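Protein chains: 2
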Amino acid sequence: MRTIFWKDGVVLIDQTKLPEKLELITCKHVVELLDAIKRLAVRGAPALEVAGAYGIVLACIEKEFTRVDEMKSHLIKTFDLIVSTRPTAVNLSIGAKRALDAALKGGSIDEIIRLALQEAEKIAREDIDRNRKIGEYGSKILEDGDTVLTYCNAGRLATVDWGTALGVVRSAVSEGKKIRVIACETRPLNQGSRLTCWELIQDGIDVTLITDSTAAHVMKQGMVDKVIVGADRIVRDSVFNKIGTYMISIVAKEHGIPFYVAAPKTTFDWKKTSKEVIIEERSAEELVYCGEKLLAPKNVNVYNPAFDSTPLDNVTAIITEHGIIEPPYDVNVPKVLRI
Amino acid sequence: MRTIFWKDGVVLIDQTKLPEKLELITCKHVVELLDAIKRLAVRGAPALEVAGAYGIVLACIEKEFTRVDEMKSHLIKTFDLIVSTRPTAVNLSIGAKRALDAALKGGSIDEIIRLALQEAEKIAREDIDRNRKIGEYGSKILEDGDTVLTYCNAGRLATVDWGTALGVVRSAVSEGKKIRVIACETRPLNQGSRLTCWELIQDGIDVTLITDSTAAHVMKQGMVDKVIVGADRIVRDSVFNKIGTYMISIVAKEHGIPFYVAAPKTTFDWKKTSKEVIIEERSAEELVYCGEKLLAPKNVNVYNPAFDSTPLDNVTAIITEHGIIEPPYDVNVPKVLRI
Chain U
1 MRTIFWKDGV
11 VLIDQTKLPE
21 KLELITCKHV
31 VELLDAIKRL
41 AVRGAPALEV
51 AGAYGIVLAC
61 IEKEFTRVDE
71 MKSHLIKTFD
81 LIVSTRPTAV
91 NLSIGAKRAL
101 DAALKGGSID
111 EIIRLALQEA
121 EKIAREDIDR
131 NRKIGEYGSK
141 ILEDGDTVLT
151 YCNAGRLATV
161 DWGTALGVVR
171 SAVSEGKKIR
181 VIACETRPLN
191 QGSRLTCWEL
201 IQDGIDVTLI
211 TDSTAAHVMK
221 QGMVDKVIVG
231 ADRIVRDSVF
241 NKIGTYMISI
251 VAKEHGIPFY
261 VAAPKTTFDW
271 KKTSKEVIIE
281 ERSAEELVYC
291 GEKLLAPKNV
301 NVYNPAFDST
311 PLDNVTAIIT
321 EHGIIEPPYD
331 VNVPKVLRI
Chain S
340 MRTIFWKDGV
350 VLIDQTKLPE
360 KLELITCKHV
370 VELLDAIKRL
380 AVRGAPALEV
390 AGAYGIVLAC
400 IEKEFTRVDE
410 MKSHLIKTFD
420 LIVSTRPTAV
430 NLSIGAKRAL
440 DAALKGGSID
450 EIIRLALQEA
460 EKIAREDIDR
470 NRKIGEYGSK
480 ILEDGDTVLT
490 YCNAGRLATV
500 DWGTALGVVR
510 SAVSEGKKIR
520 VIACETRPLN
530 QGSRLTCWEL
540 IQDGIDVTLI
550 TDSTAAHVMK
560 QGMVDKVIVG
570 ADRIVRDSVF
580 NKIGTYMISI
590 VAKEHGIPFY
600 VAAPKTTFDW
610 KKTSKEVIIE
620 ERSAEELVYC
630 GEKLLAPKNV
640 NVYNPAFDST
650 PLDNVTAIIT
660 EHGIIEPPYD
670 VNVPKVLRI
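Line by line, the protein sequences are chains U and S. What the first sequence shows, in the numbering used here, is residues 1 to 339, in sequence order. What the second sequence shows, in the numbering used here, is residues 340 to 678, in sequence order.
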């Protein structure tokens, strides 16, 4: 099943409910979709790209328009709203922009709807195709018997299907290699425990859960052959990904373990450097509570950034749908991706 | 208030209830105390030292003895039971051994009880005294305005009073220095969020909570001047402390931030090396559940070691009640501690 798809609205797996239950929700209005994005019912850069595009489709149909210019102006306003929902992931705006640009070419209300939906569906198909390619390229780095440590969820649930970092594992497994995964729980929202473990168990792939801070210890014990993570945004000097990725990259380097990033071309924002990227800060509640349970004094100060930046110096190679990119990145990224 | 004290039994703060409520429990039988130790109602190497000693006192009074030899044989059996409760912390056995040795000198049932209790109370007083000394020595490394990152809880709640790593902070603050603390939540049992934040807020010390994996990020932002952690056991080549400490030591080194360990002499087990220390593995449930909330699929494999070992090469200095010990440790530890 796809993580996100269109059926009389945006249908998506509510990832906040996993692993307790597999629940689908249907968003009929942009505000519902944005709420789902904000509370991370749908997350992961590639999935957000499709979500952004579907957001424009929702904007087309959530109201009865009588005039084309009124409709187009609503789409443009919606685009700005979508982009501001989660500032760090560049893919959200890329998907929304593509659907918007397609829609704006329409001459009638029906044509605008058709063009927006057509583009969104194209993005969804492209995501699956490129993840398969990322998997094919990436599986070359994995040897039979390897153990891969991963962080957060860069799997099927972060994309439309197959996954990026976990797509590499899936491709290697489907080629007959025996691959084990060590999943870091990924605090504070536990995407590793909730999502990565869930989807790997669904597929019968061997997975072991550890706390984030156990990563260095398992590396020292010789239990990890490679690290593969996803990315929310890749700029000229750094990879932005879930908070903690930077820490994993440092301990991998300390133990001489290769550190790979698996991400599609759309994750690259090659005109920018890390200084220009805003890191989203999330609420204190994410650390103070776990469900109903109080984990810290209610009035404690909390610093809860959602992402960190890993210098490209710490990255062994980047696995994309156009091939594996090795350093020097300033030369090879533009060459391989043609950007 | 002391974390643990004797009043018709062993009275202790049930740390599993913090920060929700401050609840005291009284153990009248050894089995109750060992249960409290196992479920971490009382934890922290120095507090366990006193707990071990009180355990021997409980063994003296939990039954009606008629013969001295029968009583002594019960104490010896209880000692073995206490020591096996948590294999990594050496202090538990040190405290129990001291109380046992004192008790075995008694010639009558009453004398045995008196000697055991006297020794246990002496250990408790000594702990407070040595923590004050660790604080006095340690505060010299802290400058006015410093921010200290700490991991787990090496505070008042890990000791009888004052604390080791947090004792250093308390001493510096009581000397009028302005010190800020960044506390890592310390998964999976959140001693950082639950205990460190709680006790620092109680004392009006500025504390900010982060996830464990945010440590590298705050260091890169220049938000951390020094790291101070406690220790469960220090051997010739390594410091054993809460899982994750090793990770913090690596990222501190990467950012050129001094990494200090604050611990009393009893934490040193200088005849051993890290290969001879058993690392306690705890249950999968600690990662799969958080209170009632399911965080991971119920059937997932979990690797949940309670401790890791940080090579002494990563340690800038060790703060003890006998002074600050700098490298080379093979020379200076025996010299300063006379072991």
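C-beta atoms are modelled at their ideal positions from N, C-alpha and C, and glycine is treated no differently. It should be emphasised that the depicted structure is a prediction, and the values quoted were computed from it without experimental measurement.
Nearest C-alpha to S/R406 among S/I451, S/K367 and S/P636: S/I451. Listed in chain order, the non-local C-beta contacts of U/V173 below 7 Å within the same chain comprise I179 and I205, local neighbours out to five positions each way being set aside. By the neighbour-count criterion, in which 16 or more other beta carbons inside 10 Å mark a residue as buried, U/Q202 falls on the exposed side. Of all C-beta pairs linking the segment 234 to 249 of chain U to the segment 568 to 582 of chain S, fewer than three are shorter than 8 Å, placing the two stretches out of contact. Take the alpha-carbon of S/A497 and the one of S/N671: they are about 26 Å apart.
A check of alpha carbon separations from U/E321 across U/E136, U/G291, U/K105 and U/G222 identifies U/E136 as the nearest. Boundaries around S/P650 are those of the beta strand (DSSP E), F646 to P650, since no alpha helix (DSSP H) includes it. If you look at S/I352, you'll find it in the beta strand (DSSP E) that goes V349 to I352.
U/A252 and S/R677 have their C-alpha atoms some 38 Å from each other.
Per DSSP, S/N470 is one residue of the alpha helix (DSSP H) stretching across I448 to S478. Remark: C-beta atoms of U/W6 and U/A96 do not approach each other more closely than 9 Å. Per DSSP, the beta bridge partners of S/G662 are S/T659. Per DSSP, the unbroken alpha helix (DSSP H) holding S/A398 starts and ends at A384 to I400.
Contact residues of the segment 241 to 275 of chain U toward chain S are I243, G244, Y246, M247, I250, V251 and E254 (C-beta to C-beta distance below 7 Å). Nearest C-alpha to S/T486 among S/L505, S/V499 and S/K472: S/L505. By the Cβ rule, the segment 45 to 62 of chain U counts as touching the segment 91 to 109 of chain U, because three or more pairs are nearer than 8 Å. Just so you know, the alpha carbons of U/L12 and U/V261 end up roughly 26 Å apart. Between S/A555 and chain U, the shortest Cβ-Cβ separation is below 9 Å. Of all residues in the segment 528 to 543 of chain S, only N529, S532, R533, C536, W537 and I540 place a beta-carbon less than 7 Å from a beta-carbon of chain U. If you draw a straight line from the Cα of S/I364 to the Cα of U/A183, it comes to about 37 Å. With a threshold of 9 Å between beta carbons, S/V563 makes no contact with chain U. At the C-beta level, S/I549 and U/I250 stay beyond 9 Å of one another.
Inclusion of S/F598 and S/K559 in the CB contact set at 9 Å is not warranted, their separation being larger than that value.
Taking 9 Å as the CB threshold, U/K28 stays off the interface with chain S. No Cβ-Cβ contact shorter than 9 Å links U/S238 with U/T186. Around the CB of S/G595, fewer than 16 other CB atoms lie within 10 Å, so the residue is classed as exposed. U/T186 belongs to the set of residues whose beta carbon lies under 9 Å from a beta carbon in chain S. Counting the other Cβ atoms within 10 Å of the Cβ of U/L100 gives 16 or more, which makes it buried.
When 9 Å is used as the limit between beta carbons, U/K178 is near no residue of chain S, the shortest such separation being about 15 Å. The beta carbon of S/T649 is closer than 7 Å to those of S577, V578, N580, T584, Y585 and S588 in its chain, skipping five residues each way along the sequence. According to the DSSP secondary-structure assignment, S/A522 is paired through a beta bridge with S/T489 and S/L548. Contact check for U/V30 and U/T78: beta-carbon distance about 6 Å, within the 8 Å limit, so the pair qualifies. Residue contact with chain U for S/V627: present (Cβ-Cβ distance below 9 Å to some residue of chain U). Any Cβ of chain S closer than 9 Å to the Cβ of U/D313 would place that residue at the interface, and such an atom is absent.
In this structure, DSSP gives S/S532 a helical state, which the three-state scheme calls helix.
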